[in-house]
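Residue numbers (this note's numbering): 161 to 782.
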Ligand code: ADP
């Protein structure tokens with residue numbers, strides 16, 4: 161019985177079908193697999209032309225012989241087994257290039273009328289492009305997986321809207337406080353603590369909206385090490401979409417910023433505490449950055465000035481500071497900013513309650529440093545010292561008047577005492593004459609104390625005047641040493657240089673010399689000598705008094721020249737004084753264009769020196 165095809169379809173039609181079919185086909189006949197028929201598609205696929213027809217297959221395509229096809233064809237041809245090849249790789253020599261191609265094949269035995277195999281039919285489809293793109297996809301999947309595994313961020317992929325954990329790198333597992341066993345689980349089962357937190361809902365929504373979700377410093381509570389703990393993350397949920405634009409998974413990336421958030425909260429709390437404290441202070445407290453830009457003023461400032469909190473506080477300061485001193489303050493402040501040294505200055509601010517009235521304030525500022533020792537900011541205060549200033553003025557006025565009033569009777573007292581002493585000497589009453597002489601000495605001491613008080617008030621009022629003229633410095637030194645020697649049991653040793661004439665206020669310089677020598681004697685009760693020396697160099701005259709007494713602690717070396725600074729503690733009563741001598745001396749030397757200083761070691765002794773220009777002209781020209 162003939163088949164329907166044989167009965168009804170002409171061989172020409174079958175050949176047409178064969179040659180026009182959109183798949184590659186050929187017919188191989190006999191033991192040598194002679195290419196009987198090959199349609200244009202297979203010729204193109206092989207990269208050959210019609211000349212291969214009639215040739216054995218492995219002669220037409222010698223390159224395939226060594227690629228396992230001999231056996232395959234053998235199986236089909238000899239045993240009648242149909243061979244289905246799926247995405248088989250074949251290296252073909254096409255147009256001179258040896259290239260890998262992929263094919264889906266069907267090799268079937270061809271039978272004759274008596275069911276004997278006479279050849280093999282080949283139907284092939286080239287799938288090279290498909291294989292290459294599948295390969296690329298796989299590669300990119302591997303790369304993606306690799307990227308996630310090695311990412312510096314906690315990363316996970318959730319598949320489908322059931323949120324199966326498809327991937328989670330080690331960092332993410334650590335973040336969750338879980339191990340790799342959660343991979344493959346639903347997120348809500350892997351992290352049951354997420355219930356009641358918004359994240360599962362947000363993730364599921366993304367499957368509907370297709371929109372990326374990002375969060376900054378968001379709080380997440382996770383069970384880590386067996387207990388529920390609070391963390392903060394910067395994270396993103398990014399939808400992964402297929403070719404149709406449908407979300408098939410979500411890519412989750414997270415960075416743990418818990419330490420940062422906690423540190424910032426701590427700083428904020430500390431700042432709040434500092435502000436509360438600063439706002440409660442009766443002073444005006446402020447801060448500014450390292451470049452001097454004001455960053456904060458406390459409440460009290462705004463209460464006092466009534467200024468707007470939104471304006472730059474520095475503008476407010478400029479508005480109420482006494483205009484005459486503003487520039488001066490600026491200069492000192494700039495210097496502090498440049499050097500990093502503390503700032504301290506007294507100046508006046510307008511009194512908001514009394515127009516045109518200024519009040520005295522003490523402005524202070526100190527730098528605050530960061531961990532590298534660089535200035536981080538400045539912290540400053542303005543303290544109202546007006547009442548104190550007024551009291552000080554009253555006290556200075558009183559001292560001025562009192563010392564002036566005391567001086568006149570004291571001068572008379574001195575004259576009377578000297579008169580009595582002379583009379584007693586005349587009457588040969590030497591015992592009482594000695595008492596009168598001692599009285600005279602005490603009156604001298606009292607006169608010095610009162611003159612000191614008077615000098616201080618003069619300095620305070622800017623009324624101390626220098627009467628400068630040329631005088632013999634060496635002669636003055638000798639005079640003062642001799643004068644001091646008369647009333648001292650210490651040996652005053654003089655090591656003079658030849659100085660010659662000096663242009664200065666002779667009387668005031670003698671006052672400084674006396675003060676330094678009498679101090680040296682007073683503060684070295686256990687020693688028996690003080691050494692006075694003079695020197696001249698480059699128009700500079702130096703006068704030094706060395707003692708071997710109680711000395712001065714190094715942190716007090718500058719302080720001794722301040723008004724009213726006195727030896728403290730138990731020594732206060734051992735060494736009487738007003739704490740004015742060095743203050744007056746330093747003012748005199750400063751006004752004379754020189755400087756006064758001390759080098760001293762506690763319990764060893766002190767060297768007090770002053771230095772003044774020998775002649776004014778040379779100094780000015782220098
Ligand atoms: P006073 O001697 O009246 O206290 P001064 O102004 O002369 O005032 O000195 C101020 C302080 O400086 C003294 O109280 C003392 O502590 C210290 N001082 C001054 N001279 C010496 C010295 N030669 N040795 C040690 N301390 C001194």
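Ideal placement from N, C-alpha and C gives every residue a C-beta, glycine not left out. Please read all numbers here as calculations on a predicted model, not as lab measurements.
Residue 397 and residue 313 have their alpha carbons spaced roughly 13 Å apart.
When secondary structure is reduced to three states using DSSP, residue 625 falls in the coil class, being assigned neither helix nor strand.
In this model, residue 528 and residue 446 are separated by some 13 Å (Cα to Cα). Within the segment 550-637, the complete alpha helix (DSSP H) segments at least 4 residues long are 590-620, listed from N- to C-terminus. Residue range 373-384 is occupied by the beta strand (DSSP E) that includes residue 381. If only uninterrupted alpha helix (DSSP H) runs of at least 4 residues are considered, those enclosed by the segment 412-483 are 418-440, 459-465 and 473-480.
For the options 376, 752, 658 and 570, the alpha carbon positioned closest to that of residue 601 is the one of 570. One Cα belongs to residue 171, the other to residue 178, and the distance between them is close to 10 Å. Using a cutoff of 6 Å, the CB of residue 679 counts as near the ligand ADP, since one of the ligand's heavy atoms is closer than that. Measuring C-alpha to C-alpha distances from residue 508 to each of 521, 499 and 656 identifies 521 as the nearest. Between residue 407 and residue 393 a beta carbon distance of about 22 Å is seen, past the 8 Å cut, so the two are scored as non-contacting. For the options 733, 771 and 186, the alpha carbon positioned closest to that of residue 750 is the one of 771. For residue 536, the CB contacts under 7 Å within the same chain, skipping 5 residues up- and downstream, are 450, 528, 529 and 530 in chain order. When the alpha-carbon of residue 539 is set against those of 505, 578, 457 and 607, the nearest one is in 457. Within the chosen limit of 6 Å, the ligand ADP reaches the beta carbon of residue 727 through at least one heavy atom. Closest option to residue 716, judged by alpha-carbon separation, among 727, 672, 708 and 253: 727.
Residue 701 counts as buried, since no fewer than 16 other beta carbons sit within 10 angstroms of its beta carbon.
Inclusion of residue 309 and residue 324 in the CB contact set at 7 Å is not warranted, their separation being larger than that value.
Residue 681 is a Cβ neighbour of residue 648, given a cutoff of 7 Å. Excluding five sequence positions before and after residue 321, the CB atoms of its chain that fall closer than 6 Å to its own CB belong to 364 and 367, given in chain order.
Remark: the shortest separation between the CB of residue 572 and any heavy atom of the ligand ADP does not fall under 6 Å. In this structure residue 441 is exposed. Its beta-carbon is surrounded by fewer than 16 other beta-carbon atoms within 10 angstroms. DSSP places residue 738 in the coil class of the three-state scheme, outside both helix and strand. In the structure shown, residue 289 falls within a helical segment according to DSSP collapsed to helix, strand and coil. Under the three-state reduction of DSSP, residue 244 is assigned to strand. A Cβ-Cβ separation of about 17 Å leaves residue 567 out of contact with residue 619 under the 8 Å criterion. Residue side-chain check: residue 683 places its Cβ nearer than 6 Å to a non-hydrogen atom of the ligand ADP. In the DSSP assignment, residue 766 falls within the beta strand (DSSP E) that extends over 765-773. Comparing C-alpha distances from residue 482 to each of 519, 554 and 706 shows the shortest one belongs to 519. Below 8 Å, enough C-beta pairs join the segment 263-282 and the segment 241-251 to call them touching: three or more. Per DSSP, residue 657 lies in no beta strand (DSSP E) and is assigned neither H nor E.
Listed in chain order, the non-local C-beta contacts of residue 443 below 6 Å within the same chain comprise 541 and 543, local neighbours out to five positions each way being set aside.
In the assembly as shown, residue 433 is an exposed residue. Its beta-carbon has fewer than 16 other beta-carbons within 10 Å. Between the C-alpha atoms of residue 381 and residue 493 there is a straight-line separation of about 50 Å.
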